[in-house]
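S.K.: If you count the sequence shown from 1, you need to add 9 to reach our numbering. Structure in structure tokens, see below.
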Amino acid sequence: MGAQVPTRGEVAQAAVWLGRHGVRVRVPTRLLATRLGMRVGARPLAVLGRLAVFYLAGTAGALGYQSLQYLPGVRGVEMTDSKVAYFLLFAIQGAIWSALRQRDRKAAAALGQRALDRPRPPWRALRSGWYFASVVVTFAGGAALGATMFFTTEYRTYAWSWLGLLAMSAVVFGAAFAGVVRRPVIAEDEPSLAVDAVLRIEDLSLTLPAIYASPVLTDLVTTHRQPPGFAPWLAGYAALAIALQVVDAIIHGRRRPALPDGNYGVPSADPQFAQTAVNWSPPEAPR
10 MGAQVPTRGE VAQAAVWLGR HGVRVRVPTR LLATRLGMRV GARPLAVLGR
60 LAVFYLAGTA GALGYQSLQY LPGVRGVEMT DSKVAYFLLF AIQGAIWSAL
110 RQRDRKAAAA LGQRALDRPR PPWRALRSGW YFASVVVTFA GGAALGATMF
160 FTTEYRTYAW SWLGLLAMSA VVFGAAFAGV VRRPVIAEDE PSLAVDAVLR
210 IEDLSLTLPA IYASPVLTDL VTTHRQPPGF APWLAGYAAL AIALQVVDAI
260 IHGRRRPALP DGNYGVPSAD PQFAQTAVNW SPPEAPR
């Protein structure tokens, strides 16, 4: 049998999350505890177990990518040394997103017919223009820089080996981004609807597009395999993408949406979870 969902620790962490957003409860509703507890790390072993699986897959992927050096006409010594960092990021993202996605599916399945029928918020409203600028710089800007190296230098192996990793990064990011913006609303009342809106914004923060602009910097400090004269361009590219993402994070940190009044669970003056058994079973119908 699987572990009880949500666990006692998840209930406590869900209460902490609500406290940070201005709502003080002793025992959150089951829906909120199910969704919030996993997001604030109440069950690190659940994510670590997935991370081990994704790490093995990432290691195999990195080795497979490195084996491209044996193809005819490929100069293996010129392949970017950032492949390990990229596949490690893929593993971390995959572990986190699979855990959150599974938990949201459990929450949605538990709601059943009680789920509110509400439209998803438009994706443009979830982040600032700085966020989308970081997406453009990371992937479109990186593609332009890689293409420039490919067509204007003799380091074509370096250029296409980095562009391949950047293309895979775009796929991973796109899957995570689409998973957030296209996720159905998971709510049973107005308070859980407000939490769903905040979670959609916070989950999108975890996609971190600019993080995929940073692994290429390993070549600048280790093997120096980048074409001569392109080190400043690569450093500036990564710095710009990260700076745009940081500005977006600052803006949303200052604009944290407040949750409206409503029933989020059992109220309490103490935001910490009382160590008592919790029974979410509906009351029996009168005979």
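Just so it is clear, CB atoms sit at the ideal spot from N, CA and C, and this is done for glycine as well.
Residue 189 and residue 226 look like a contact to me (Cβ under 8 angstroms); what is the Cβ gap, rounded to whole Å?
M.R.: Between residue 226 and residue 189 the Cβ distance is about 27 angstroms, and since that is not below 8 angstroms, they are no contact.
S.K.: I need the boundaries of the beta strand (DSSP E) containing residue 36, first residue and last residue.
M.R.: Segment 34–37, the beta strand (DSSP E) holding residue 36.
S.K.: Quick one, which of 19, 68, 58 has its alpha-carbon nearest residue 44's?
M.R.: The option with the nearest alpha carbon to residue 44 is 19.
S.K.: Quick check on the burial criterion: 16 or more other C-beta atoms within 10 angstroms. Buried or exposed for residue 145?
M.R.: Under this definition residue 145 is an exposed residue.
S.K.: Should the region 109–122 be regarded as contacting the region 86–99, the criterion being three or more beta carbon pairs within less than 8 angstroms?
M.R.: Touching, no.
S.K.: Taking all protein chains shown into account, do 16 or more other C-beta atoms lie within 10 angstroms of the C-beta of residue 65, making it buried, or fewer, making it exposed?
M.R.: Its Cβ having fewer than 16 others within 10 Å, residue 65 is exposed.
S.K.: Would you say residue 196 and residue 133 are within 9 angstroms of each other, going by their C-beta atoms?
M.R.: Result no, Cβ atoms of residue 196 and residue 133 do not sit closer than 9 angstroms.
S.K.: Please identify the residue among 255, 259, 178, 152 whose C-alpha is closest to the C-alpha of residue 93.
M.R.: Among 255, 259, 178, 152, the Cα nearest to that of residue 93 belongs to 178.
S.K.: Return the chain-ordered list of same chain residues with a C-beta closer than 7 angstroms to the C-beta of residue 275, the five sequence neighbours on each side being excluded.
M.R.: Hits under 7 angstroms: 34, 35, 36.
S.K.: Would you call the region 233–244 and the region 204–221 touching, i.e. three or more CB-CB distances under 8 angstroms?
M.R.: Segments in contact, no.
S.K.: Return the first residue and the last residue of the beta strand (DSSP E) that residue 276 is part of.
M.R.: Here the beta strand (DSSP E) through residue 276 covers 274–276.
S.K.: State the CB to CB distance for the pair residue 102 and residue 185, rounded to an integer number of angstroms; the pair is presumed to be in contact (CB under 8 angstroms).
M.R.: The Cβ separation is near 6 angstroms, so the contact holds.
S.K.: Taking only the alpha-carbon atoms, compute the straight-line gap between residue 173 and residue 271 and give it to the nearest angstrom.
M.R.: Distance between the alpha carbons of residue 173 and residue 271: 49 angstroms.
S.K.: How about residue 228 and residue 139: do their beta carbons lie closer than 9 angstroms?
M.R.: Not a contact, by the Cβ cut-off of 9 angstroms.
S.K.: Can you say whether residue 203 is buried or exposed, counting buried as having 16 or more other CB atoms within 10 angstroms of its CB?
M.R.: Counting Cβ neighbours within 10 Å, residue 203 comes out buried, since at least 16 surround it.
S.K.: Compute the beta-carbon to beta-carbon distance between residue 59 and residue 108, rounded to the nearest angstrom, for a pair I have assumed lies under 8 angstroms.
M.R.: The pair is a contact, with the Cβ atoms about 6 angstroms apart (cut-off 8 angstroms).
S.K.: Alpha carbon to alpha carbon, how far is residue 247 from residue 91? Give it in angstroms, no decimals.
M.R.: Going by the C-alpha atoms only, they are around 13 angstroms apart.
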